[in-house]
Each structure stands twice: as C-alpha cells, then as structure tokens.
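Trainee: Residues 0 to 562 in numbering that gives the first Met the number 0 are what the sequence shown spells out, letter by letter. The C-beta atom is built at its ideal place from N, Cα and C for all residues, glycine as well. No experiment lies behind these values; they were computed from the predicted model shown.
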Amino acid sequence: MAAELTAHQLIAQHRPTLDLALETIRTRAYWSPHPEHPKAYGENGSLDTAAGKAAFDALSGTRLDLGQPGTDGWVGGEVSPYGIELGVEYPHADLDVLLPAMQAGQKAWRDAGAELRAMVCLEILKRIADRTMEFTQAVMHTSGQAFMMAFQAGGPHAQDRGMEAVAYAYVEQSRTPETAEWTKPQGKRDPLALTKRFTPVPRGIGLVVGCNTFPTWNGYPGLFASLATGNAVLVKPHPRAVLPLALTVQVARDVLTEAGFDPNLVALAAERPGEGIAKTLATRPEIRIIDYTGSTAFGDWLEANARQAQVYTEKAGVNTVIVESTDDYQGMLANLAFSLSLYSGQMCTTPQNLLIPRDGIRTDQGAKSYDEVTADLARAVDGLLGDDARANALLGAIVNPDVKARLEAAAGLGEVALASREVVHPEFPGAVVRTPVIVKLDGAKPEDEAAYTSECFGPVSFAVAVDSADHAVELLRRSVGEKGAMTVGAYTTDPEVEEAVQEVCLDEAAQLSLNLTGGVYVNQTAAFSDFHGSGGNPAANAALCDGAFVANRFRVVEVRRPA
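#1: Please state whether DSSP places Q351 in a helix, a strand or coil.
#2: Decide if G365 is buried, meaning its Cβ has at least 16 other Cβ atoms within 10 Å, or exposed.
#3: In angstroms, rounded to a whole number, what distance separates the CA positions of W300 and S294?
#4: Leaving out five residues before and five after T256 in sequence, what residues of the same chain have Cβ atoms less than 6 Å from its Cβ?
#5: Could you give the first and the last residue of the continuous alpha helix (DSSP H) run that contains H531?
#6: Based on DSSP bridge pairs, tell me the residues matched to W181.
#7: Between which two residues does the alpha helix (DSSP H) holding I321 run?
#8: Confirm, please, whether the CB-CB distance from R433 to T228 is below 8 Å.
#9: Per DSSP, what kind of secondary structure is Q345 in: helix, strand or coil?
#10: Assign P176 to buried or exposed, taking buried as 16 or more other Cβ atoms, counted over all protein chains shown, within 10 Å of its Cβ.
#11: For R420, which of E274, G413, L412, E407 has the nearest alpha-carbon?
#12: Is A20 near the ligand ZN, in the sense that its beta carbon is under 7 Å from a heavy atom of that ligand?
#13: For L4 and chain D, any beta-carbon pair shorter than 8 Å?
#14: Identify, in the order they occur along the chain, each residue of the same chain with its Cβ nearer than 8 Å to the Cβ of G590, setting aside the five sequence neighbours on each side.
#15: Our contact map puts G298 next to K314 with C-beta atoms below 8 Å; I'd like the distance itself, whole angstroms only.
#16: Please classify F548: does DSSP put it in a helix, a strand, or coil?
#17: Does the Cβ-Cβ distance between T319 and T492 come in under 8 Å?
#18: When you compare only the Cα positions, how much space is there between R239 and T178?
#19: Going along the chain, which residues of its own chain have a beta-carbon closer than 6 Å to the beta-carbon of A1, five neighbours each way excluded?
#20: To the nearest angstrom, how far is the alpha carbon of L513 from that of V322?
#21: Check each candidate in A149, E3, N217 and name the one with the smallest Cα separation from E122.
#22: Quick check: the Cα distance between K38 and D441, rounded to an integer number of angstroms?
#23: Just checking my contact of G143 with Y81 at CB under 8 Å: how many whole Å lie between their CB atoms?
#24: In the DSSP assignment, what residue or residues form a beta bridge with F592?
#25: Kindly indicate the opening and closing residues of the alpha helix (DSSP H) around P494.
#26: Between N211 and the rest of its own chain, which residues show a CB-CB distance below 6 Å, the 5 nearest in sequence each way excluded?
#27: Given L511, which residues of its chain have a CB within under 6 Å of its CB, disregarding the five upstream and five downstream residues?
#28: Confirm, please, whether the CB-CB distance from A281 to A308 is below 8 Å.
#29: Look at the alpha carbon of A418 and the alpha carbon of T292, and state the distance between them as a whole number of angstroms.
#30: Tell whether a beta-carbon distance below 8 Å holds between V310 and K482.
#31: In the DSSP assignment, the alpha helix (DSSP H) including S173 goes from what residue to what residue?
#32: Nearest to P284 by CA position, among T312, G209, D47, G205, is which residue?
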C-alpha cells in the first residue's frame, strides 16, 4: 500500500511543534499545544463534548478489531467505577504469532531515522487530540476520575507527556551526528582518514504495562519514548482499564499504515480474566524494554526478574508534607484540602503524611496548636466537599474494592479528625464515592509507626504529631530513603527549616514543593517543565521525563570505512 502521509507532509506539519517542544524542555517555561478547557474542542474537526460522549457510547457492544496477527479470541468485561458495563471486546493475542510480526517492521522503522519517527509520533498524538472528548469518557469510565480530571489528565496533560517523551527522544538520538569525517595526522606520512556513520538502533520490543488509575497519562511517556527511538511497542493494559489504551493502539496503527510503515509496530495485549500475562511477557526474550506503573511488589519483581530488558518503574511511596509555619494560613489549608481531595487521593503524588509539631505552628493568624491545625484542615476539606455536586466533581469514584477497604480500615488506626462520608452520584447511582479520612497519629509512638511509614493508597491521610521541626526532617529523611516519595511538600517561614528540608530532598532525590497556597498543588506536575518522580528513591527508578528516560532505549552503532 502506498503511503498516504509522506515524509514531507509530516515534517511540514509537525516540525514546528517539535521545535517548540525542544525549546520548552530547554527553558522549562510553560507551554502546551493541547487546550485544557473542554470549550476549545469541537473546533478544527475535533470532537466536542457531546460528540465525544456519542462516540464512546457507540463503542458499547462492539469488538475493537485492530487487525492484529495472531488473534485467537476475544476478551472484555470492563465495568466502570461509575457502575456501568463498557461492553467492548478486544483481541486476545497468540504471542508466538504476534511478537515475531511486531519484529518484522522494525528495520524500516529504524531506517526511517529520528526525525521522521518523531513526526509520525506527533501525528499519532494529533489524531488522539482530535478525539480528546471520546478519550475523556474512556478514561473516566475505566479510572473513576471525575469528568474534568479525566478530560485534563487523560487528555491534554497525557498528550503533553507523550510529546515531551518524543522531544527528549529526538534530543538524545540527534546528539550524535549521522556522519563524520575523521582524519588523524601521521607526520610525514599520509593522514589516516575514515568516513563514519552513526545509526541509533532499537533495543527490541517495548512492553508498556498500563495502570488502572491513569492509563494514558502514565502510559504515553513509555509508549512514545520507545516508539520514537525505533522500537516496536506492545501495550498490555490493566484489565480494568483497557479501552483508553486500546483506542490509542488503534490510532497508532492507522497512522503507521498511512505513513507507509508496518502497523504491527504497535499492538495490544489484552488478557483473559486471571490470565496474568504481564509476568509471561516480561521475561520473554523479544521484550527488551518495560515501562510499568503500579504496585511496589510487582515493580520489584520486574526489576529482579526481567533481566533481558531495560525496566522503567513507577511504584509507590509515602508522600509527606511538613507543616512548620506559614504566612498564609487559610491559603495553606485550602491548598492542602484540595490536594487531599482530588480524585479521592488515588494519585501517586497525593500527600499521605502531614508532619505537624505537637507544640503547634506559627501563622499569620497567630500560633495554632497541633489540634487546631488538624481540626482546621478537617473543616477546610469539609467545606470544600460539603456540596455534593462539587464533591462528585472533585472526588470521582473509588477505582476498586481494595481502595475502599483501605479507607474503611484507616479509621481504626487512630483518632479520626475527619470521618469519611458517602456521597451519592446523581447520574451514576452505582458509583462508590467517598470523602477523605484524616487520622491523627503520634510520630513518637512505635505503635503508630507502622501506619504512617506504609503507603495507604486512596483518600487516607495521617496528621502525625512530631516533637519538633528537626524531628519532622528526620522522619522525612527516613521515610523517603526507606519507602520513597513521588512528592514532598513543606510549609515554613524559617530559612533554616527550609534549607534542612531542601537538603533532605537533594540527598534522597525527592521532588519538593514549598509553601504552595494558590492554584498549584503538590500532586500536580506540568509536562515540559516539571519532573514527575526522580528515579533516585524507592518510589520510582525513572523520571518523567528526562534524558535518562529515553537514552537507554536505543544504542548507537557505528560503521566506518576508509575515506
């Protein structure tokens, strides 16, 4: 089949966007090519909110036939956290047929070069962006995110992260010139002269192991980093969140075909109930790169057992905020209340431990005791979520029964400062919606330590009384060093405390936010500017996104000959 998208067309359309992305990762300024308000959609041929919902609804009862080789059956059964059955079936693959077919297209993809690969990836992202409102519904009904968050995090922010990975991949591949003329003087003799050619070559097939909570936001960096560096990519979605990544694979296969490449460079590996194919895939010799987001236990297993592959993991940590002093008490409370409530705390960046001196803190409203700070924060969360419509818009739905069980068990761990309550969703009566719980613990009591030193994923936070700022910094250092953290926050007006917290975060490689009181929250990061994770503590062995995230997905092979 002749290519419908020529290299010239792709470069003309997407090179300016790539150049802007390259400039932005250099300056770390704000930039996004993807609008983050729903009203911007419906223009330029993209689906508006109603059309996106209609496209999503039309998928129910269908088979998403991707035309993959080796399909030996069909799987499905996703149920939305909002209580509806998605009713979509996906191809189940015979891996012994699919994996060799994926390898077959890699030579032409390698030979295309870094620039053309980047352009194809940006065309895939553009096609996804044109269907953002359809993807929003798919993310909402697999992750349980509320509509606005599913739109932003599952749409433009995920697309930004994918584009960011493409930009970093291009930088690392173009760091070495394609050719070089090498001449070494030999005194009176003729110089030695060689012509050298340098080619980035892929490692092999990249495996993306998707997560339930952020299937696109966490899936796109690895997918596009591997694809842009010349590797085929096999996407293994979470069984409860297949649809967003299956639609992604469908778009990628269409674009690859139109650009004259083998569509099997991107494929889907959906699984039967209880099949657990991630372990099988992770140790197959064809799989040379693995991107994983999820539990620490399986992340550790991958790092230990997938010896043939380069493994990138984002696991779990214990995110901590030190509350020592503030010059904007109400702003601090409002900021923390929002951070604790967003998506019911089901984010790897949500604060869990709030370390508060038992003797209280200094504020612009005078001294506040530990009990007052904890009670005021509980009231701030209550006020934020007191209206059920606003609560539903912020909380979304509990993603799975394990989160609900942890939430219910947390109330027995200590004195409850803020009890969780049930919220009824008017549109989806089957949704499980719960407000956060805040539990008071004592950082000096060994019996409380097990609770606050372990990750409790979901809408659970601990207000931990500490002896002093020094005690808080000591607990922070131990927590990040032993358990890891995706985020650290601190509120202080004391330069010495600020310096101490900063030193811990530099020593333990944890991303730090100081004194956030406005519309930026500790659990949110911006692509092209913020690093998500650091790769330097137990919470994750990679950062989204830096040069290290892409550079080891390819090697450079040299061919030299006499000039």
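Mentor: Looking at the coordinates:
#1: Taken through DSSP and simplified to helix, strand or coil, Q351 comes out as coil.
#2: Flag for G365 reads exposed.
#3: In a straight line, the C-alpha of W300 is about 10 Å away from that of S294.
#4: Correct list, in chain order: P262.
#5: Per DSSP, H531 lies in no alpha helix (DSSP H) and is assigned neither H nor E.
#6: Under the DSSP definition of a beta bridge, W181 partners with L193.
#7: Looking at the DSSP string, I321 is not in any alpha helix (DSSP H); the run it does join, the beta strand (DSSP E), is 319-322.
#8: Not in contact: T228 and R433 (Cβ atoms no closer than 8 Å).
#9: Coil, per DSSP.
#10: By the neighbour-count definition (other C-beta atoms within 10 Å, threshold 16), P176 is an exposed residue.
#11: It is E407 whose Cα lies nearest to the Cα of R420.
#12: The ligand ZN is absent from the structure shown, which contains no ligand whatsoever.
#13: In summary, chain D is missing from the structure at hand, where a single protein chain is found.
#14: Look at the range of the chain in this structure, 0 to 562, and you will see that residue 590 is not part of it.
#15: So it is a contact: roughly 4 Å between Cβ atoms.
#16: Reduced to three states, the DSSP call for F548 is helix.
#17: No.
#18: Going from the Cα of R239 to the Cα of T178 covers about 47 Å.
#19: Caution is warranted here: a pLDDT of 49 is assigned to A1, below 50, making its placement in the model unreliable, and the coordinate value is therefore given only provisionally. In its chain, beyond the 5 residues on either side, no residue has a beta carbon closer than 6 Å to the beta carbon of A1.
#20: For L513 and V322, the distance between alpha carbons rounds to 10 Å.
#21: Checked all of A149, E3, N217; the closest Cα to E122 is E3.
#22: About 47 Å.
#23: Indeed, because the Cβ distance is near 7 Å, the residues count as touching under 8 Å.
#24: Since the first residue of the chain shown is 0 and the last is 562, residue 592 is not available in this structure.
#25: Per DSSP, P494 belongs to the alpha helix (DSSP H) from 494-507.
#26: Closer than 6 Å at Cβ, skipping near neighbours: H237, R239, A240, V398.
#27: Here the set comprises V487, C504.
#28: Closer than 8 Å, so yes.
#29: In this structure, the straight-line span from the alpha carbon of A418 to that of T292 is close to 30 Å.
#30: Going by C-beta atoms, V310 is not nearer than 8 Å to K482.
#31: Boundaries of the alpha helix (DSSP H) harbouring S173: 155-173, taken from the DSSP string.
#32: Nearest to P284 by C-alpha distance, out of T312, G209, D47, G205, is G205.
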